[in-house]
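Notes follow once the structure below has been shown.
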Ligand SMILES: NC(=O)c1ccc[n+]([C@@H]2O[C@H](COP(=O)([O-])OP(=O)(O)OC[C@H]3O[C@@H](n4cnc5c(N)ncnc54)[C@H](OP(=O)(O)O)[C@@H]3O)[C@@H](O)[C@H]2O)c1
């Protein structure tokens with residue numbers, strides 16, 4: 024059989040053999056990447072996170088994705104440092120985690136990332152002093168209340184986006200890194216967004232998307248900077264997750280619940296420098312990569328203009 028195929032091939036002209044070989048190579052590449060996709064999404068075991076250290080620090084753990092991360096990390100037996108702005112919500116979350124996973128320790132640090140960040144970061148430094156913090160989840164983030172053009176973004180919103188998303192993540196990382204460097208181990212997860220990485224542009228959310236592009240590049244540089252120091256830095260790139268920020272209440276196949284997202288997310292910690300942990304999101308990412316940018320741009324601006332219209336309507340009803 025193989026002799027017959029070889030004979031057939033030998034009798035072909037070079038002009039036929041070249042595209043045939045290229046086609047075969049592309050098919051091989053596609054098969055290998057499909058196999059890799061199946062392996063990393065369904066078969067590869069998650070790392071033992073306790074090997075990074077016995078404590079995990081999570082920013083923005085009082086709601087949404089951060090809260091789900093806190094529960095999942097506690098489930099793995101890690102002690103938690105919860106950094107949030109609302110003391111009552113911090114108590115509530117830490118109480119319900121304790122009642123479920125009683126054996127772990129929890130510390131809370133009150134920091135409003137849109138307030139005095141230097142003061143907040145010095146409280147974080149105090150809290151991590153002497154603790155074996157192995158995992159850092161830089162989750163805190165804010166977005167627009169609803170889509171708007173750049174000239175409509177007020178100074179407060181602009182300041183908050185940059186302070187919380189960019190400065191917050193940068194300064195918390197800098198506060199936690201020295202301990203990790205000294206212990207020669209750690210895992211840092213920075214939460215990026217598909218708005219900056221999967222789609223070519225997120226019009227009417229320009230500042231939000233740009234802050235997430237910062238997170239992506241910041242993470243990628245740190246990944247290389249610290250990979251020989253035993254510290255794994257990763258940017259996770261969620262698409263829509265059902266949270267108050269996304270204004271999505273119900274989960275669906277392409278929109279995981281926070282719990283669904285965090286369960287998937289934990290299995291990726293310590294691997295690739297950039298990933299989208301929830302596998303249906305990776306299908307959407309592949310689809311976005313295969314479409315011409317102008318199609319995605321046209322769909323996205325239409326979609327976001329719809330959000331803006333609904334937001335403005337709600338605002339005007341509230342004002343009445
Ligand atoms: N949901 C999505 O579809 C999606 C998609 C891509 C990326 N992301 C990213 O995922 C991360 C989490 O988003 P999410 O959807 O879970 O948001 P969320 O439900 O709004 O939760 C945000 C968390 O951050 C806290 N927070 C907000 N502003 C803060 C401030 N100034 N100081 C301290 N804490 C503050 C909130 O505290 P309170 O409980 O006090 O409000 C809450 O704990 C963000 O970085 C976001 O950009 C989300």
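In this note's numbering, the protein residues as written are 24 to 343.
For every residue, glycine included, the Cβ atom is placed at its ideal position computed from N, Cα and C.
Between residue 238 and the set 227, 261 and 137, the nearest pair of CA atoms involves 261. Sequence-distant Cβ neighbours of residue 230 in its own chain, meaning closer than 7 Å and more than five residues away, are 176, 181 and 184. When DSSP states are grouped into helix, strand and coil, residue 31 belongs to the helix group. For residue 106, the pairing in a beta bridge is given by DSSP as 82 and 132. Bounds of the alpha helix (DSSP H) holding residue 205 are 192–206. If you compare the alpha carbons of 119, 102, 71 and 61 with that of residue 85, the shortest gap goes to 119. Inter-segment contact for the segment 258–278 and the segment 64–84 is absent: fewer than three beta-carbon pairs are separated by less than 8 Å. If you ignore the 5 residues before and after residue 76, its C-beta comes within less than 6 Å of the C-beta of 155, 156 and 157, all in its own chain and listed in chain order. Here residue 250 is exposed. Its C-beta has fewer than 16 other C-beta atoms within 10 Å.
Residue 161 has 213 as its beta-bridge partners, per DSSP.
Ranked by Cα distance from residue 132, the options 153, 109, 68 and 138 are led by 109. Using a 10 angstroms sphere on the CB of residue 299, the tally of other CB atoms reaches 16 or more, which defines it as buried.
With a cut-off of 7 Å, the C-beta of residue 136 is classified as near ligand 1, since at least one heavy atom of the ligand falls inside that distance.
The three-state reading of DSSP puts residue 230 in helix, counting H, G and I together. Inclusion of residue 112 in the 7 Å shell around ligand 1 follows from its C-beta lying nearer than that to a non-hydrogen atom of the ligand. For residue 116, the closest of 331, 255 and 91 by C-alpha to C-alpha distance is 91. Its Cα nearest to that of residue 72, the residue 103 stands out among 58, 59, 55 and 103.
The three-state reading of DSSP puts residue 292 in coil, since its state is none of H, G, I, E or B. Residue 55 has its alpha-carbon roughly 43 Å from the corresponding atom of residue 136. For the set 232, 144, 153 and 224, the Cα lying nearest the Cα of residue 191 is the one of 144. Taking the CA atoms as reference points, residue 101 sits about 15 Å from residue 69. A check of alpha carbon separations from residue 259 across 340, 301, 279 and 201 identifies 301 as the nearest.
In the structure shown, the three-state DSSP call for residue 319 is helix.
Exposed is the label assigned to residue 46, since fewer than 16 other Cβ atoms lie within 10 Å of its Cβ.
Straight through space, the alpha carbons of residue 256 and residue 319 are spaced by roughly 30 Å. DSSP assignment within the segment 222–273 yields the following whole alpha helix (DSSP H) runs of 4 residues or more, N-terminal first: 229–249. In the assembly as shown, residue 234 is a buried residue. Its beta-carbon has 16 or more other beta-carbons within 10 Å. The segment 168–175 makes no contact with the segment 200–214; the number of CB pairs closer than 8 Å stays below 3.
According to DSSP, residue pairing for residue 297 in a beta bridge involves 258.
Of the residues 290, 147, 174 and 193, the one whose Cα lies closest to the Cα of residue 67 is 290. Here the alpha carbon of residue 306 sits roughly 33 Å from the alpha carbon of residue 78. When beta bridges are read from the DSSP output, residue 156 appears opposite 78.
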